[in-house]
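**Student:** Have a look at this one.
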C-alpha cells in the first residue's frame, strides 16, 4: 500500500515540476491512514527519481528529521480535514504575480469554478516554519480547495494527491485568465454562485483526464 502511495506522490511531484507549477521549492503529500501522511523527498520535485522514497510523517507529532519546515502546513490541514487525502504546496508563477497585487483569482471560467467563491489570501509573505503560523493558515484554509499566500505560492487540498495536483493547475489557469482580463481593461463577468456550483463537476472523468495529461510521459506511469 505505502509503495503505491509513494509512486503516486512521485508522479505528482514530477508532474508539478514538468508543468511549471513548482521549481526548486514545493512539496506534495498523500494521506496514508488516520495517523500518517507521506510527503515527497525534500528536493526539487522534477529531480525526484523513480523509486525514490518519500517520508512518512505523523499527523499528530513532530516533523521527522530531514522534512521541510513548511510540511507542517500539510500536517495541520490533515488534522482538521479528515476528508483531505492529498495536499500540494506549489509556486505557480501567475498566481504568485496576482498575489503580489493582493488578489486571488476570481471565478471567471470553468476551471476557476472549483474555488468558488474564491481562494482566500494569506496576507503574509513569510515562510511558514512554526506551528502557530501553520495552525492559523490551516484555520484560514477551512473547508476550501485552495489558499493563496502573498508572494509565497499556493496550497491546494483534495481527496487525493492526484486531485490536489489538478486543482493546482486549475488555480494557475484561473490566475492566467484573471491577469489577461485585468490587462484588457474590460470588466470581466464572474460566474454566478449557481453557475459555479453547476460547473464545478467531476463527472465525465474531468479530473482523471487532467491527471493523465499532467503525468503523460512519466517513467513510472
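Numbering (the working numbering), first residue to last: 310 to 530. The beta-carbon is built from N, C-alpha and C at its ideal position, and this holds for glycine as well. Just so we're clear, the structure is a prediction, and the values are computed from it rather than from any experiment.
Is the CB-CB distance between residue 330 and residue 399 below 8 Å?
**Tutor:** yes
**Student:** Pick out whichever of 388, 370 and 323 has its Cα sitting closest to the Cα of residue 450.
**Tutor:** 388
**Student:** Check whether the Cβ atoms of residue 295 and residue 312 sit closer than 8 Å, and answer yes or no.
**Tutor:** Within the shown structure, residues of the chain are numbered from 310 to 530, placing residue 295 beyond reach of any answer.
**Student:** Counting along the chain, where does the beta strand (DSSP E) carrying residue 390 start and finish?
**Tutor:** It is not in any beta strand (DSSP E) - residue 390 carries neither H nor E in the DSSP assignment.
**Student:** With DSSP run on the structure shown, which of helix, strand or coil describes residue 339?
**Tutor:** Here residue 339 sits in strand by DSSP.
**Student:** Would residue 361 be called buried (16 or more neighbouring beta carbons within 10 Å of its own) or exposed?
**Tutor:** Looking at its Cβ environment, which holds fewer than 16 other Cβ atoms inside 10 Å, residue 361 is exposed.
**Student:** The beta strand (DSSP E) that contains residue 325, what's its start and end?
**Tutor:** Looking at the DSSP string, residue 325 is not in any beta strand (DSSP E); the run it does join, the alpha helix (DSSP H), is 311-327.
**Student:** Give me the Cα-Cα distance between residue 383 and residue 338, rounded to the nearest whole angstrom.
**Tutor:** 8 Å
**Student:** Let me check understanding here. Comparing Cα to Cα, which of 366, 341, 320 and 373 lies closest to residue 357?
**Tutor:** 320
**Student:** Am I right that residue 412 and residue 497 are in contact with their C-beta atoms under 8 Å? What's the rounded C-beta distance?
**Tutor:** That belief does not hold up - the Cβ atoms of residue 412 and residue 497 are roughly 12 Å apart, past 8 Å.
**Student:** If we call anything under 8 Å between Cβ atoms a contact, is residue 454 one with residue 463?
**Tutor:** Between residue 454 and residue 463, the CB-CB gap reaches or exceeds 8 Å.
**Student:** Less than 8 Å between CB atoms is the rule here; does residue 490 satisfy it with respect to chain E?
**Tutor:** In the structure shown, chain E cannot be found, because there is only a single protein chain.
**Student:** Got a sec, what are the start and stop residues for the alpha helix (DSSP H) residue 475 sits in?
**Tutor:** Residues 470-493.
**Student:** Going by DSSP, what residue range makes up the beta strand (DSSP E) through residue 458?
**Tutor:** 455-458
**Student:** Are there three or more Cβ pairs, one per stretch, closer than 8 Å when the stretch 512-527 is compared with the stretch 472-481?
**Tutor:** The stretch 512-527, when compared against the stretch 472-481, does touch it at the 8 Å Cβ threshold.
**Student:** Can you say whether residue 434 is buried or exposed, counting buried as having 16 or more other CB atoms within 10 angstroms of its CB?
**Tutor:** Flag for residue 434 reads exposed.
**Student:** Could you check where the beta strand (DSSP E) with residue 345 kicks off and where it finishes?
**Tutor:** 345-348
**Student:** Hey, out of 381, 500 and 427, whose CA is closest to residue 367's CA?
**Tutor:** 381
**Student:** In this structure, what does DSSP give as the bridge partners for residue 364?
**Tutor:** DSSP output for residue 364 lists 348 as bridge partner(s).
**Student:** Following the continuous beta strand (DSSP E) through residue 465, name the residue where it begins and the one where it ends.
**Tutor:** For residue 465, the enclosing beta strand (DSSP E) stretches over residues 462-467.
**Student:** By Cβ distance below 8 Å, which residues in the same chain neighbour residue 341 in space, the five residues on each side in sequence not counted?
**Tutor:** In its chain, beyond the 5 residues on either side, 310, 311, 314, 347 and 365 have a beta carbon closer than 8 Å to the beta carbon of residue 341.
**Student:** Does the Cβ-Cβ distance between residue 408 and residue 335 come in under 8 Å?
**Tutor:** For residue 408 and residue 335, no; Cβs fall outside 8 Å.
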